[in-house]
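Novice: Mind having a look at this structure? Questions to follow.
Residue numbers (this note's numbering), protein chains in the order written: chain G, 3 to 57; chain E, -4 to 562.
Set out below in structure tokens:
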């Protein structure tokens, strides 16, 4: 896990490591979210099909 | 009420952030917007539970007679006060703060902004009279052929014009800052506020033209009838970007303030600006996805708008990524670990943060139901059903409203110099909203899938099958919890504003998040209005131009509107 470095002292520039922070948890969560979007969209699509397409 | 006529105090109360402390006049001016907004939310929210109770057969409207005469008058008051008044007043006030604090300078034309506020207040009062006398029971989607008293339309025009005037004040202030800071990137929160104000000016052209050229002449008896199709087209020209006018200030907070509150930084200044510009371009030319079942609008145009509506999902995902990454950064700095375990390290004990986090979580599900609405085929399953209010209670009533509530939890103490009244009660309020809305909106979505119509007093309907009963009851339970939550919020704001002043160090600061990278590294094209404005106009002309010209050329003013009041 890419834990960011601690705060720099006042007046000191942020260390370069902060610029290379990789949000691995965010990528995981958004991947799950996209999967949920697809599944829920498909569930409504199946309802559409079950009503004979024309509804 | 006075605006910011006086220069910033020579001896600022306290200096932090970018070093500019708002004057007392500026704080009072912004607080005026917030108080009107909170009053509108409170009054409007009293009618929401009445509708939800009616769903399970508990009709309390009879008790309000003759003050409130029907379910539909209550529904109109609920929609107009909550969706239009609460949002607009809060947004203009919050943007005033973002512009002043972001740029670190007072408004360049404070009398202009003061005029904007009072024009909005005049419009609100003018619209309130017909609303309360049951002569504007046309719901907040006020398109023809439903007909309201002329004062309702004129009042809404004034509210919109007032927000335009305030927007001009924001733009002039940003222009003055840029003149003094050549080559520098505009501070994000100020730029984001101005982008939203600019988008609003474009988006509201639809209702402005509709009211001034069709509805007002019709209701004043200058024309014999009106054209419902064109009226709906004009309305939805504004109606969908209205959603982004509500959402972008919440995004402003999620991008530019919430990371600071969570102990972190904005993950990417460039991505934040890019998503705002994307919303600026694609949020307007999408209105026909509200008219998928309207006759007279060719399918090709509906399909184009369906595609454009889907394109809005791109900046929405961009926002989700950047905001969550900013929060993850802050949580890890606070000691959070694990792939998802860092979420526990966020400051959940802070009601302002919690309210906004819960708002964002429910908004993810609002995005799912929104994609269903936007899909040309799936929309037929849910069109005009209870699914739709289920959806927009996740967006405007949660992502927007609960975020604004969270913002109030630091902003009202900041503006008044008071401490937030009972933060634990505020925490309860945020969670109760979250739980109440899950119950309410889930039940509404389920009812929609089962075919329950929207805008209908289902408690009186003879056709409700047994399979709806459990969901109808859950709508009522959710509404009751939300009523407790909103009254708790009002009490907190009232008690905070009326509480004793506290020492300056106990008053919260305006949380302005730094960017992980120096904003000066952000490409200049992400800080320029001209190319994006040209892009927005071109896309608007392509997506709406031919249809608008056709509908105007073939306009038929042959719908007289009801000569009776059906409620």
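Even glycine gets a Cβ: it sits at the ideal position worked out from N, Cα and C.
Just so you know, these numbers come straight off a predicted model, no measurement behind them.
Among 415(E), 280(E), 307(E), which one has its Cα closest to the Cα of residue 297(E)?
Specialist: Locating residue 297(E) in the second chain gives position 302, counting from the first residue. Checking every option, the nearest Cα to that of residue 297(E) belongs to 280(E).
Novice: By a C-beta neighbour count over all protein chains shown, 10 Å radius and 16 as the cutoff for buried, is residue 500(E) buried or exposed?
Specialist: Reading the second chain from its first residue, position 505 is the one you call residue 500(E). Counting Cβ neighbours within 10 Å, residue 500(E) comes out exposed, since fewer than 16 surround it.
Novice: Thinking C-alpha only, which one of 263(E), 541(E), 313(E) is nearest residue 23(G)?
Specialist: One-based indexing of the first chain puts residue 23(G) at position 21. Nearest of 263(E), 541(E), 313(E) to residue 23(G), Cα basis: 263(E).
Novice: Got a sec, what are the start and stop residues for the alpha helix (DSSP H) residue 469(E) sits in?
Specialist: Counted from its first residue, the second chain places residue 469(E) at position 474. Residues 464 to 493.
Novice: By Cβ distance, which residues of its chain are closer than 7 Å to residue 53(G), with the 5 residues on each side in sequence left out?
Specialist: What you label residue 53(G) is simply residue 51 of the first chain in a count that begins at 1. Same-chain partners within the cutoff: there are none.
Novice: Note down, in chain order, every chain E residue with its Cβ under 9 Å from the Cβ of residue 31(G).
Specialist: Working through the first chain from its first residue, we reach residue 31(G) at position 29. Here the neighbours are 315, 319, 323, 334, 335, 338.
Novice: Return the bridge partner residues of residue 221(E) from the DSSP annotation.
Specialist: Here residue 221(E) corresponds to residue number 226 of the second chain, with the count starting at 1. According to DSSP, which records beta bridges pairwise, residue 221(E) is partnered with 554(E).
Novice: Spatial neighbours of residue 346(E) within its chain, please: CB distance less than 6 Å, with the 5 preceding and 5 following residues excluded, ordered by chain position.
Specialist: Within the second chain, residue 346(E) is the residue found at index 351, counting from 1. So the qualifying residues of the chain are 404, 418, 421, 422, 425.
Novice: One question on the structure: do residue 578(E) and residue 473(E) come within less than 8 Å of each other, judged by their Cβ atoms?
Specialist: Because chain E spans -4 through 562 in this model, residue 578(E) falls outside it and cannot be assessed.
Novice: Assuming residue 68(E) contacts residue 132(E) (C-beta within less than 8 Å), just tell me the rounded distance between them.
Specialist: Start at 1 with the first residue of the second chain, and residue 68(E) comes out as number 73. Start at 1 with the first residue of the second chain, and residue 132(E) comes out as number 137. Indeed they touch by this definition, with Cβ atoms about 5 Å apart.
Novice: Measure the C-alpha to C-alpha separation of residue 249(E) and residue 61(E) and round it to an integer number of angstroms.
Specialist: For the purposes of this step, residue 249(E) is taken as the residue at position 254 of the second chain. For the purposes of this step, residue 61(E) is taken as the residue at position 66 of the second chain. One C-alpha to the other measures close to 44 Å.
Novice: Applying the criterion that 16 or more other CB atoms from any shown protein chain within 10 Å of the CB defines a buried residue, is residue 477(E) buried or exposed?
Specialist: Here residue 477(E) is taken as the residue at index 482 of the second chain, counted from 1. Flag for residue 477(E) reads buried.
Novice: What are the residues in the region 40 to 52 of chain G lying within 8 Å of chain E by C-beta distance?
Specialist: Of all residues in the region 40 to 52 of chain G, 42, 43, 46, 47, 49, 50 have a Cβ within less than 8 Å of some Cβ in chain E.
Novice: Chain G partners of residue 366(E), CB-CB under 8 Å?
Specialist: Taking the second chain and counting its residues from 1, one reaches residue 366(E) at position 371. The answer, in chain order, is 39, 43.
Novice: Nearest to residue 65(E) by CA position, among 38(E), 128(E), 88(E), 15(E), is which residue?
Specialist: As a working mapping, residue 65(E) is identified with position 70 in the second chain. It is 128(E).
Novice: What did DSSP end up calling residue 297(E) once you bin it into helix, strand or coil?
Specialist: In the second chain, residue 297(E) corresponds to position 302, counting from 1. In this structure, residue 297(E) counts as helix in the three-state DSSP scheme.
Novice: Within this structure, are the beta carbons of residue 277(E) and residue 311(E) separated by less than 8 Å?
Specialist: As a working note, residue 277(E) is residue 282 in the second chain. As a working note, residue 311(E) is residue 316 in the second chain. Contact: no.
Novice: So the alpha helix (DSSP H) residue 157(E) belongs to, where does it begin and stop?
Specialist: Stepping through the second chain from its first residue, residue 157(E) is reached at position 162. First-last of the alpha helix (DSSP H) with residue 157(E): 145 to 175.
Novice: Looking at the C-beta of residue 54(G), does it have a partner C-beta in chain E at a distance below 8 Å?
Specialist: Start at 1 with the first residue of the first chain, and residue 54(G) comes out as number 52. No - not a single Cβ of chain E is within 8 Å of the one on residue 54(G).
Novice: Using the C-alpha atoms, what's the distance from residue 450(E) back to residue 441(E)?
Specialist: Here residue 441(E) refers to the residue found at position 446 of the second chain. Here residue 450(E) refers to the residue found at position 455 of the second chain. Approximately 16 Å between the Cα atoms of the pair.
Novice: Would you mind telling me which residues of chain G sit closer than 9 Å to residue 639(E), beta carbon to beta carbon, in chain order?
Specialist: No answer is possible for residue 639(E): it lies beyond the span of chain E, which begins at -4 and ends at 562.
Novice: Which class does residue 392(E) belong to by DSSP, given the choice of helix, strand or coil?
Specialist: Looking up residue 392(E) in the second chain gives position 397. Residue state, collapsed to three classes: helix.
Novice: Where are the alpha helix (DSSP H) runs, 4 residues long or more, that stay fully inside the region 192 to 260 of chain E, in chain order?
Specialist: Fully enclosed alpha helix (DSSP H) runs of 4 or longer: 200 to 205, 211 to 214, 223 to 234, 236 to 251, 253 to 256.
Novice: Give me the Cβ distance between residue 406(E) and residue 31(E), rounded to the nearest whole Å; I'm assuming they're in contact under 8 Å.
Specialist: Taking the first residue of the second chain as 1, we reach residue 406(E) at position 411. Taking the first residue of the second chain as 1, we reach residue 31(E) at position 36. Rounded, the Cβ-Cβ distance is 14 Å, inconsistent with contact.
Novice: Could you tell me the distance, in whole angstroms, from the CA atom of residue 46(G) to the CA atom of residue 354(E)?
Specialist: Within the first chain, the letter at position 44 stands for residue 46(G). Within the second chain, the letter at position 359 stands for residue 354(E). Taking the straight line joining both Cα atoms gives about 24 Å.
Novice: Quick one: complete beta strand (DSSP E) runs, 3+ long, within the region 424 to 453 of chain E?
Specialist: As far as the region 424 to 453 of chain E is concerned, it has no whole beta strand (DSSP E) run of at least 3 residues.
Novice: From the DSSP output, in three-state form, read off residue 263(E) for me.
Specialist: As a position in the second chain, residue 263(E) is number 268, starting the count at 1. DSSP places residue 263(E) in coil when its eight states are reduced to three.
Novice: Of all the residues that make up the region 250 to 272 of chain E, which are near chain G by a beta-carbon distance shorter than 9 Å?
Specialist: Taking 9 Å as the Cβ-Cβ cut-off against chain G, the residues of the region 250 to 272 of chain E that qualify are 259, 260, 262.
Novice: How many Å lie between residue 522(E) and residue 268(E) at the Cα?
Specialist: Counting from one through the second chain, the residue named residue 522(E) turns up at place 527. Counting from one through the second chain, the residue named residue 268(E) turns up at place 273. For residue 522(E) and residue 268(E), the distance between alpha carbons rounds to 8 Å.
Novice: Taking Cβ positions only, does residue 372(E) come closer than 8 Å to chain G?
Specialist: As a position in the second chain, residue 372(E) is number 377, starting the count at 1. Output row for residue 372(E): interface = yes.
Novice: I want to know whether the region 181 to 200 of chain E touches the region 118 to 127 of chain E - three or more CB-CB distances under 8 Å.
Specialist: Too few Cβ pairs lie closer than 8 Å, so no.
Novice: Could you tell me whether any Cβ in chain G is nearer than 8 Å to the Cβ of residue 511(E)?
Specialist: Numbered from its first residue, the second chain carries residue 511(E) at position 516. It does; some Cβ of chain G falls within 8 Å.
Novice: When you compare the CB of residue 359(E) with every CB in chain G, is at least one pair closer than 8 Å?
Specialist: The residue you call residue 359(E) lines up with position 364 of the second chain. Yes, residue 359(E) counts as interfacial toward chain G.
Novice: Leaving aside the five residues before and after residue 151(E) along the sequence, list all residues of the same chain whose C-beta is less than 8 Å from its C-beta, in chain order.
Specialist: Counted from its first residue, the second chain places residue 151(E) at position 156. Excluding residues within five positions, the ones whose Cβ falls inside 8 Å are 79, 118, 122, 137, 202, 206.
Novice: Given residue 217(E), which residues of its chain have a CB within under 7 Å of its CB, disregarding the five upstream and five downstream residues?
Specialist: To locate residue 217(E), count along the second chain from 1; it is residue 222. Answer for residue 217(E): no residue qualifies.
Novice: Scan the region 341 to 371 of chain E and note each continuous beta strand (DSSP E) run of 3 residues or more that stays entirely inside, going in chain order.
Specialist: List check, beta strand (DSSP E) in window: nothing returned.
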